[in-house]
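If you read the sequence shown in this note's numbering, its first letter stands for residue 11, the second for the next number, and so on.
Where is the CB? At the ideal position from N, CA and C, for every residue including glycine.
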Amino acid sequence: MNQIIIGNFIAQKRKEQNLTQAALAEDLGVSNKTVSKWENGKCMPDYSIIEELCKKLDITISELINGEENSDKEIRKCDDEQILDLLKRTQDLEHDRKKQVGLTIIVMGIAFAAYGSSLRGSIVRDFFSGVMFGIAIPSMIIGLTITVAQNRRSK
Numbered sequence: 011m012n013q014i015i016i017g018n019f020i021a022q023k024r025k026e027q028n029l030t031q032a033a034l035a036e037d038l039g040v041s042n043k044t045v046s047k048w049e050n051g052k053c054m055p056d057y058s059i060i061e062e063l064c065k066k067l068d069i070t071i072s073e074l075i076n077g078e079e080n081s082d083k084e085i086r087k088c089d090d091e092q093i094l095d096l097l098k099r100t101q102d103l104e105h106d107r108k109k110q111v112g113l114t115i116i117v118m119g120i121a122f123a124a125y126g127s128s129l130r131g132s133i134v135r136d137f138f139s140g141v142m143f144g145i146a147i148p149s150m151i152i153g154l155t156i157t158v159a160q161n162r163r164s165k
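(1) Are A35 and N42 close, meaning C-beta to C-beta below 8 angstroms?
(2) Considering Cα atoms alone, identify which of T70, D37, I147 is closest to I115.
(3) Would you identify the three-state DSSP class for V40, choosing helix, strand or coil?
(4) Any idea what DSSP makes of S139, helix, strand or coil?
(5) Let me make sure I understand the geometry here. Which of N76, T70, V117 has the alpha-carbon closest to that of E91?
(6) Anyone know if the C-beta pair for G153 and G112 falls short of 8 angstroms?
(7) Out of curiosity, what's the CA-to-CA distance linking M139 and R130?
(8) Skipping 5 residues on each side, what residues in its chain have a beta carbon closer than 7 angstroms to that of C64?
(9) According to DSSP, is D95 part of a helix, a strand, or is it coil?
(10) On the CB-based measure, 16 or more other CB atoms within 10 Å of its CB, does E49 come out buried or exposed?
(11) Can you give the Cα-Cα distance for I15 and G77, rounded to whole angstroms?
(12) With DSSP as the reference, label M150 as helix, strand or coil.
(13) Please work out which residues of its chain come closer than 6 angstroms, Cβ to Cβ, to I85, disregarding the five sequence neighbours upstream and downstream, and give them in chain order.
Written as structure tokens, this is what we have:
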């Protein structure tokens, strides 16, 4: 899947339907910036609206994924339901991976804080203890932010 090719195909089919980005976005319940990101290859449409997008553009899901119209002689290897299921699983895995990154950063922050508290005793150790706490607090905040953001997206 090449996002740029898919984006160009979306733009081409949208123009063939005499739709503006804003009109397509309104029909799909997304922003026109989102449609622009699809067309520029910066991101893919969410699996939850792909069927509606394909209906609006008068294409099949496999054509969307291939970034071109299917020839009449081409044999379909996957049906639309299988493709949608694959896209949903892929997006779910991406969200899960981002949650794991957030949790890992939180654990690292806790480890820095624990290690920093064990360094008390001299001026040099106190300095490094402060550095560890300086790293720990932002790490935990960043990790928490990533995790919360991914939890909101998955709902």
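Once the coordinates are examined:
(1) Result yes, Cβ atoms of A35 and N42 sit closer than 8 angstroms.
(2) With distances taken between Cα atoms, I115 lies closest to I147.
(3) It is coil, neither helix nor strand.
(4) Secondary structure of S139 (DSSP, three-state): helix.
(5) Nearest of N76, T70, V117 to E91, Cα basis: T70.
(6) G153 is a Cβ neighbour of G112, given a cutoff of 8 angstroms.
(7) The question names Met, yet the displayed sequence has Ser at residue 139. Rounded to whole angstroms, the gap between the alpha carbons of S139 and R130 is 7 angstroms.
(8) Excluding positions up to five away in sequence, the list reads T70, I71, L74.
(9) Helix at D95.
(10) Classified as buried, E49 has 16 or more neighbouring CB atoms from the shown chains inside 10 Å of its CB.
(11) Using only the alpha carbons, I get a separation of about 5 angstroms.
(12) Assignment of M150 by DSSP, reduced to helix, strand and coil, places it in the helix class.
(13) Note on I85: pLDDT 49, under 50, position unreliable in the model; the coordinate value appears next. Nothing listed; no residue qualifies.
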